[in-house]
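Protein chains in written order, with our numbering: chain A, 1 to 158; chain B, 1001 to 1228.
And the structure:
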């Protein structure tokens, strides 16, 4: 929403915006309460979401949390929690573009440097399943597309 | 475009000094309209320029020294890369609380290049697969120089080649040269550079003059071919 507002302010310099150009604002206002509820729900259960994701991934493939002989579970939990918080703000603001520009583009290169794409792919696939299990459908429908954007950015080997 | 390091502190950095993802345009650069300067996250002063600057640099040099312009741009790049290696070492250690020689190499390299991406020099990809054989490849997407000059039928990214030579020579403490073996300004979709010892650079240069393309050069190097 913020990036869209900024783009709009450039485009409408010296004129009034059309109804079509203002539609995103109407959509945002209509979805605002749901977004706030979703944001607060994510804040409330973030630890549980990450832990359930961890448990499910570990049961599928414990090697996902090994980097050679090193156990990276702690680092994984800290990173996943941080990403989830960035996702939450993107949901609140309806601004996946800012998430991409200010975080995902950079983090993608870091994940590639550590060959962590496979782990990221699994993380953000499973996390979507866990979110659907823990959040009401309407809230999950806001969160999962952002998680899918995250999965495509971080989990794909180029 | 980077000039000198200053002491002014970025306000976001003051609040979140260990925020490693700070490469978005508004986060990386601090604009001070009163003083008329732009400082980046690492304290370096920056200038915003247009393509006219690049055109002026390239055409101005060509007018002054003709064919030597390429060598001069390469030399400028080398000095830039060497100075930047020292600058980078300081800010990396400050940001990550460890020596750059203790860090994972690919992570170190990505961290080095990110400011260049924020500054508009393009995105990159490093291929270290042949490192043990003493050479490596770097791809550049959206080279500022090549995009500015367009399709001119010859490689133009001498500044970049010099930058990589200067930086990596300091990093590995061994003399490394760099040559562009594929360029957007020759109609390709991205630029490719070979980094390695002078014998490999000379070989690649010779093969290019004979009409070899980047794929041919990669294959010959991997097959262990060199000039006799």
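Every residue, glycine too, gets a C-beta built ideally from N, C-alpha and C.
If you're wondering where the values come from, they're calculated on a predicted model, not measured in any experiment.
> How is the beta strand (DSSP E) around residue 1039(B) delimited, first residue to last?
Replying inline: From DSSP, the beta strand (DSSP E) with residue 1039(B) extends over 1037-1040.
> How about residue 80(A) and residue 150(A): do their beta carbons lie closer than 8 angstroms?
Replying inline: Residue 80(A) is not a Cβ neighbour of residue 150(A), given a cutoff of 8 angstroms.
>> Residues of the stretch 95-113 of chain A in Cβ contact with chain B at a cutoff of 7 angstroms, in chain order, please.
In response: Closer than 7 angstroms at the C-beta level to chain B, one finds these residues of the stretch 95-113 of chain A: 101, 102, 103, 106, 107, 109, 110, 113.
> In this structure, what does DSSP give as the bridge partners for residue 1136(B)?
Replying inline: BP columns for residue 1136(B) point to 1195(B).
>> Run through the DSSP bridge pairs and tell me what residue 1123(B) is partnered with.
In response: Among the bridge pairs identified by DSSP, residue 1123(B) is matched with 1141(B).
>> Beta-carbon within less than 6 angstroms of residue 1201(B)'s beta-carbon, same chain only, minus the 5 sequence neighbours each way: which residues are those?
In response: Result list for residue 1201(B): 1177, 1179, in chain order.
> Name the chain A residues that come within less than 8 angstroms of residue 1107(B), Cβ to Cβ?
Replying inline: In chain order: 110, 113, 114.
> So, is residue 1099(B) buried or exposed, given that buried needs 16 or more other C-beta atoms within 10 angstroms?
Replying inline: Exposed is the call here.
>> Is the beta carbon of residue 39(A) closer than 8 angstroms to that of residue 87(A)?
In response: With respect to the 8 angstroms criterion, residue 87(A) and residue 39(A) are not classified as neighbours on the basis of their beta carbons.
> Which residues of chain A have a Cβ atom closer than 8 angstroms to the Cβ of residue 1114(B), listed in chain order?
Replying inline: Per Cβ cutoff of 8 angstroms: 106, 109.
> Do you know offhand how far residue 115(A)'s Cα is from residue 22(A)'s?
Replying inline: CA-CA distance, residue 115(A) to residue 22(A), rounds to 42 angstroms.
> At a Cβ cut of 7 angstroms, what residues of the stretch 1016-1034 of chain B count as close to chain A, listed as they run along the chain?
Replying inline: Within the stretch 1016-1034 of chain B, the residues whose Cβ lies closer than 7 angstroms to some Cβ of chain A are 1021, 1023, 1024, 1027, listed in chain order.
> Can you find a CB in chain A that lies within less than 8 angstroms of the CB of residue 1139(B)?
Replying inline: No, residue 1139(B) does not count as interfacial toward chain A.
> Just to confirm, are residue 1138(B) and residue 1122(B) a CB contact at a threshold of 8 angstroms?
Replying inline: The answer is no: Cβ separation not under 8 angstroms.
> Roughly how many angstroms lie between the CA atoms of residue 1127(B) and residue 1187(B), to the nearest whole one?
Replying inline: Whole-angstrom Cα-Cα distance: 22 angstroms.
>> With H, G and I counted as helix, E and B as strand and the rest as coil, what does DSSP make of residue 1177(B)?
In response: Residue 1177(B) falls in the strand class under three-state DSSP.
> Hey, residue 1054(B) and residue 1144(B): beta-carbon distance below 8 angstroms or not?
Replying inline: Contact flag set, yes.
> For the putative contact between residue 94(A) and residue 35(A), defined by C-beta atoms under 8 angstroms, what is the C-beta separation to the nearest angstrom?
Replying inline: About 7 angstroms; that satisfies the 8 angstroms criterion.
> Less than 8 angstroms separating the beta-carbons of residue 37(A) and residue 139(A)?
Replying inline: It is a contact, given that the beta carbons lie within the stated cut-off.
> Should residue 1166(B) and residue 1078(B) be called a contact, given that it needs their Cβ atoms to be closer than 8 angstroms?
Replying inline: Annotated as proximal: residue 1166(B) and residue 1078(B), with beta-carbon spacing under 8 angstroms.
> Is the distance from the Cβ of residue 1193(B) to the Cβ of residue 1168(B) below 8 angstroms?
Replying inline: Taking 8 angstroms as the Cβ cut-off, residue 1193(B) and residue 1168(B) do not qualify as a contacting pair.
> So which residues of chain A does residue 1110(B) contact, with C-beta pairs closer than 9 angstroms?
Replying inline: Against chain A, a Cβ distance below 9 angstroms from residue 1110(B) picks out 106, 109, 110, 112, 113.
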